[in-house]
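Right, one structure below, let's go through it.
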DNA sequence: TTGTATGCGTTATCAA
DNA sequence: TTGATAACGCATACAA
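Chains as they are written, first to last, in full-length UniProt numbering: chain A, 1 to 319; chain B, 1 to 319.
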């Protein structure tokens, strides 16, 4: 492996001059530039980027923390981040955590050690406190409502969104409403539960714990949900389903089992994935790719910003 | 940012001693070790990993090249790679290429520059020649049949697989058989086309170009396929669909449009995703997560191996 | 058991 | 326009 020193020797110039032509800096005569370029070609030289990083103190790499890279929600978010990263000549380091705090820590550790310049946390299991302790090591941006914290964020107001969806169902005459969610913890989930409680209180409806079904992530979870519901003495008449995948699974199950939608069960999905359009599922449109783009831009920006993303209820055939 | 030198000064020892306690090397007295540890704590010290990389010439990072991270096939593969990487204390750098050669080059460049130790190419657009030129810079492993090349590989024999599926359909009486695929180029696609031609020849069936439908990746592409087919004068009676997602889209479309499956149209999907089970789709099981694991292990291994993965046809209701 | 000195490959500073 | 030389932060051969 030839290095910059070798090149200097071969081209009969100083390492500085070599570095200059390598980085397109001015102040180098055409003659010497040619000599260096020739040496580069002859030796099949390549920069050792680690040395560059060490010297510059930056890596042009960003960590992306997410629980499941095979879930449409996160893979779309990731797509948005990845596309923007590419445009800006950044590389991504992926941390697929399965919501294990230890794996989230790895990203923060890399930030500490300066192997990545910033971290985008799409979703987390760790305490905020843990995250906060790493704020001094580099930029951290999150995908949840954190307007009072010292971080940038791109987020959906899930409280507002949930309330809107619930009121929509209520206006259609549904009162026994449940919802399906990925997990019960997490700030976004808590916001939704809060909205759910407030809604129930407002309309004097009774809060039914079993109407909240968690662990709903993939298409196949739709079947699970339906089996649970069919085992209930007083099953819900409508469901908010925080992933179109799961909504599609539910709709498919209902089709196969002759459960009429929306008459027997109304469904509102989330994300507005293509599958929702195809299966005519009423859903909440969330611009995930745009959010990814925003997250990336915040990750490389000097400023601290909080970007609330607007959603839209798309009425189709399931509610 | 305090460094190893500062620590040495504070703890009143040499940098070597500091390095020793940092890396748990022997030969350091308890007394000095304590002093160093105290200094580390007091200063909130962190290693600069870039310096470590430069010094060691390794990064414990592996590049993963794939076209679409939001496609179930690749996200499952990625999941398998990611899980194994975690176990082995490796980090992944993701290259989502959209099949742009330029983006694949970025991974190879990083290999050249020693920012990653190896590259896993899940699928590629670049010429093999281009890849080959980078073989000297680090390990490259691929996910296609490359047994005669100088690389490790984990692959499915798509020729054999396709032939098996085609014969299966033939044995059920289908003769007008088409197939849906992501793209027509790529060695895996070519192997399948070859199998298709050979099959057609063997049984004296006429090769119909329009029976090969490409650009089939996602659920929503199922609708596109069906519209194409319905526009044909002599539509196929059976389809091999190289992604369960697309197969599910087709099946859903057929349900909605009262096309009987498998009577009017038989479907065989690929991958055996959960959606295939739920929708009762006959499919070819491919152990994607296991393949991901294998790819990773090959990427970090000294040896060169070629690992053919076995598939299995799972008969359900669509063929 | 400890420390000195050097190498890793670049970039940046400053003098010429 | 050029080049010596000092960072950058760590690991390690070698000497003590």
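Glycine is no exception: its CB is placed at the ideal position from the N, C-alpha and C atoms.
{"Query": "Starting from the Cα of residue 242 of chain A, find the closest Cα among A/55, A/122, A/282 and A/58 and give me that residue.", "Result": "A/282"}
{"Query": "Residue 152 of chain B by DSSP, collapsed to three states: which one?", "Result": "strand"}
{"Query": "Check the Cβ of residue 120 of chain A against every Cβ in chain B and list those closer than 8 Å, keeping chain order.", "Result": "The premise fails here: residue 120 of chain A is roughly 13 Å from chain B at the closest Cβ pair, so nothing lies under 8 Å."}
{"Query": "Given that residue 249 of chain A touches chain B, what residues does it touch there, using C-beta distances under 7 Å?", "Result": "278"}
{"Query": "Does the Cβ-Cβ distance between residue 77 of chain B and residue 288 of chain B come in under 8 Å?", "Result": "yes"}
{"Query": "With a 10 Å radius around its C-beta and 16 neighbouring C-beta atoms as the bar for buried, classify residue 110 of chain B as buried or exposed.", "Result": "buried"}
{"Query": "Okay, do the stretch 311-318 of chain A and the stretch 183-197 of chain A touch, 3+ Cβ pairs below 8 Å being the bar?", "Result": "no"}
{"Query": "At what residue ranges does the stretch 196-284 of chain A contain a whole run of the beta strand (DSSP E), taking only runs of 3 or more?", "Result": "238-241 and 266-271"}
{"Query": "Pop quiz: residue 319 of chain A and residue 172 of chain A are said to be a contact at Cβ under 8 Å. What is the actual Cβ separation, rounded to whole angstroms?", "Result": "7 Å"}
{"Query": "With 16 as the cutoff for other CB atoms within 10 Å, does residue 269 of chain A come out buried or exposed?", "Result": "buried"}
{"Query": "Could you confirm whether any beta carbon from chain B is found closer than 8 Å to the beta carbon of residue 196 of chain A?", "Result": "no"}
{"Query": "Residue 142 of chain B lies in the beta strand (DSSP E); which residues open and close that run?", "Result": "139-142"}
{"Query": "Tell me the DSSP bridge mates of residue 91 of chain B?", "Result": "B/61"}
{"Query": "Please tell me whether residue 53 of chain B and residue 50 of chain A are closer than 8 Å, where the distance is taken between their beta carbons.", "Result": "yes"}
{"Query": "How about residue 8 of chain A: is its C-beta nearer than 8 Å to some C-beta of chain B?", "Result": "no"}
{"Query": "Which residues in chain B sit within 7 Å of residue 28 of chain A, going by Cβ to Cβ distance?", "Result": "Correct list: empty, because the minimum Cβ distance to chain B is about 22 Å."}
{"Query": "Which residues does DSSP pair with residue 178 of chain B in a beta bridge?", "Result": "B/239"}
{"Query": "Over what stretch of residues does the beta strand (DSSP E) that includes residue 120 of chain A continue unbroken?", "Result": "118-121"}
{"Query": "Return the Cβ separation of residue 327 of chain B and residue 266 of chain B in integer angstroms, given the expectation that the two are a contact with Cβ distance under 8 Å.", "Result": "Given a span of 1 to 319 for chain B in the structure shown, any question on residue 327 of chain B remains unanswerable."}
{"Query": "Cα-Cα, which of A/204, A/198, A/177 and A/98 is closest to residue 213 of chain A?", "Result": "A/177"}
{"Query": "Pick from B/46, B/147, B/68 and B/11: whose alpha carbon is nearest that of residue 29 of chain B?", "Result": "B/11"}
{"Query": "Using the C-alpha atoms, what's the distance from residue 161 of chain A back to residue 197 of chain A?", "Result": "14 Å"}
{"Query": "If the cut-off is 9 Å on Cβ atoms, which residues from the stretch 278-300 of chain B count as contacting chain A, listed in chain order?", "Result": "278, 279 and 280"}
{"Query": "Quick one: Cα of residue 121 of chain A to Cα of residue 67 of chain A, how far?", "Result": "10 Å"}
{"Query": "Between residue 272 of chain A and chain B, is there a C-beta pair that is closer than 8 Å?", "Result": "no"}
{"Query": "What does residue 252 of chain B reach in chain A if we use C-beta pairs closer than 7 Å?", "Result": "278 and 279"}
{"Query": "In terms of alpha-carbon separation, which member of B/296, B/306 and B/204 lies closest to residue 118 of chain B?", "Result": "B/296"}
{"Query": "Can at least three beta-carbon pairs, one atom from the stretch 34-43 of chain A and one from the stretch 76-96 of chain A, be found at a separation below 8 Å?", "Result": "no"}
{"Query": "Report yes or no: is there a C-beta of chain B within less than 8 Å of the C-beta of residue 69 of chain A?", "Result": "yes"}
{"Query": "Select from the UniProt domain \"HTH lacI-type\" (2-56) of chain A all residues with a C-beta closer than 7 Å to any C-beta belonging to chain B, and list them in chain order.", "Result": "46, 47, 48, 49, 50, 51, 53 and 54"}
{"Query": "In this structure, how does DSSP classify residue 100 of chain A when only helix, strand and coil are distinguished?", "Result": "coil"}
{"Query": "CB residue 292 of chain A to CB residue 131 of chain A, shorter than 8 Å?", "Result": "no"}
{"Query": "With 7 Å as the limit, tell me which residues of the stretch 78-99 of chain B have their beta carbon closer than that to any beta carbon of chain A; keep them in chain order.", "Result": "78, 79, 82, 86, 91, 92, 93, 94 and 96"}
{"Query": "Give the residues from the stretch 214-227 of chain B that approach chain A closer than 8 Å (Cβ to any Cβ), ordered along the chain.", "Result": "218, 219, 220, 222 and 223"}
{"Query": "So what's residue 133 of chain B in DSSP terms, helix, strand or just coil?", "Result": "coil"}
{"Query": "So the alpha helix (DSSP H) residue 50 of chain B belongs to, where does it begin and stop?", "Result": "49-56"}
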